[in-house]
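Engineer: First the structure, then my questions, so here it is.
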Amino acid sequence: MGYMYCGKSTFGRRLAEAKGMEFLDLDRAFEARYHYTVPRFFEQFGEQAFRKLESQMLYSTAELDNTVIATGGGTPCHSGNMDFILAHGTAIYLRMTVDDIVERALRSRNPRPILHGLPEAELRPIIEAQMKEREGVYLRAQIILDGKNPKLD
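If you read the sequence shown in the working numbering, its first letter stands for residue 1, the second for the next number, and so on.
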């Protein structure tokens, strides 16, 4: 888990491969099930509808064994999802600085719904505010790694 652009999917795939486990990207699973990209779903139905279905997708993972799950950036922060995550597995937080997140957001070819098309001057305050809001939830993770250079040990 971690904020947008911290590398949850990339690290999750690497971790799963290194540990001989399956990998599930919750956003990709959402898109496969509902036939909408996350940004398009957000745009058409709004965040509240997305968060409800996202939580249902998360809860459906309780039956999985030996699986690394990459959550969306906001997944742990809504609907008691962090309690669920902690009760059903080991939470790993990929922690990054605001500067690193802004840099990655500006370079990304995959725009996120709330940041799409914003110049850096508008991007930074949004990222700072959300990271400040979410940090307390993310810090409940059992493992905290440097998101810029996470180690698989």
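Every residue, glycine too, gets a C-beta built ideally from N, C-alpha and C.
Where are the alpha helix (DSSP H) runs, 4 residues long or more, that stay fully inside the stretch 40-75, in chain order?
Structural biologist: Entirely contained in the stretch 40-75, the alpha helix (DSSP H) runs reaching 4 residues are, in chain order, 47-59.
Engineer: Within its chain, find whatever has a CB closer than 8 Å to the CB of Leu139; leave out the 5 residues flanking it on each side and keep chain order.
Structural biologist: So the qualifying residues of the chain are Tyr93.
Engineer: Spatial neighbours of Tyr59 within its chain, please: C-beta separation below 8 Å, excluding the five flanking residues on both sides.
Structural biologist: Phe84
Engineer: Since Thr71 and Met1 are thought to touch, with beta carbons under 8 Å apart, how far apart are those beta carbons, to the nearest angstrom?
Structural biologist: 5 Å
Engineer: Check whether the Cβ atoms of Thr75 and Glu54 sit closer than 8 Å, and answer yes or no.
Structural biologist: yes
Engineer: Have a look at Ile126 and Gly136 and give me their C-alpha separation to the nearest angstrom.
Structural biologist: 17 Å
Engineer: Taking C-alpha atoms, which residue in Glu47, Gly73, Arg104 and Lys19 lies nearest to Arg134?
Structural biologist: Gly73
Engineer: With 8 Å set as the bound, which would you pick, yes or no: does the beta-carbon of Arg33 sit closer than that to a beta-carbon of chain C?
Structural biologist: This model lacks chain C altogether, as it is built from one protein chain only.
Engineer: Do Arg51 and Gln79 have their beta-carbon atoms positioned less than 8 Å apart in this structure?
Structural biologist: Note that residue 79 is Ser in the sequence shown here, rather than Gln. Yes. Within cutoff.
Engineer: Do you know how far the Cα of Val68 is from the Cα of Asp40?
Structural biologist: Residue identity differs from the one stated: residue 40 is Arg in this sequence, not Asp. Between the alpha carbons of Arg40 and Val68 lies a distance of about 26 Å.
Engineer: Which same chain residues, not among the five before or five after Arg95, have their C-beta less than 6 Å away from its C-beta?
Structural biologist: Take Arg95, set aside five residues on each side of it, and the residues of its chain with a beta-carbon closer than 6 Å to its own are Ile144 and Gly147, in chain order.
Engineer: If you scan the stretch 85-149 from start to end, which runs of the beta strand (DSSP E) of 3 or more residues do you find wholly inside it?
Structural biologist: 92-95 and 143-146
Engineer: Hey, could you find the ends of the alpha helix (DSSP H) Leu26 is sitting in?
Structural biologist: Counting along the chain, Leu26 sits inside the alpha helix (DSSP H) bounded by residues Leu26 to Tyr34.
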